[in-house]
Amino acid sequence: MNTHDAGPAGGAPAASPEYRIAHLQDRLASGELGELGVRVEIRGGAVLVTGTVPSARCREEVLGTVREELTGLEVHCDIVVSETASPDHAEELS
């Protein structure tokens, strides 16, 4: 059985960074972002979030979820956008 210490005045349980990271990974895997290769790990005293996403919108969604889940922790994000959209103009060759 898991027990948690009482958290701030809001009454939310205080969870360990490892628990919060596991919850974040579950959220990322179960949502529409589940197919993305985003990794979350502890490095030293900070959390490192890495991966590649298909669009800037996806990157913002991931970052928003990370901010929600890991508020108060030192987080470094290295999420790359690999836009695979067709170019909006023809390439001119010389």
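Going left to right, the sequence shown walks through residues 803 to 896 as this note's numbering numbers them. From the three backbone atoms N, C-alpha and C, an ideal C-beta is built for every residue, glycine too. This structure is a prediction, so every number in the text was calculated from the model and none was measured.
- Nearest neighbour of H878 by Cα position, chosen from E885, V868, S884, turns out to be V868.
- Between the C-alpha atoms of G866 and G846 there is a straight-line separation of about 23 Å.
- For V868, the uninterrupted alpha helix (DSSP H) run begins and ends at 858 to 871, by DSSP.
- Non-local C-beta neighbours of D880 in its own chain, meaning closer than 6 Å and more than five positions away in sequence, comprise T852, ordered along the chain.
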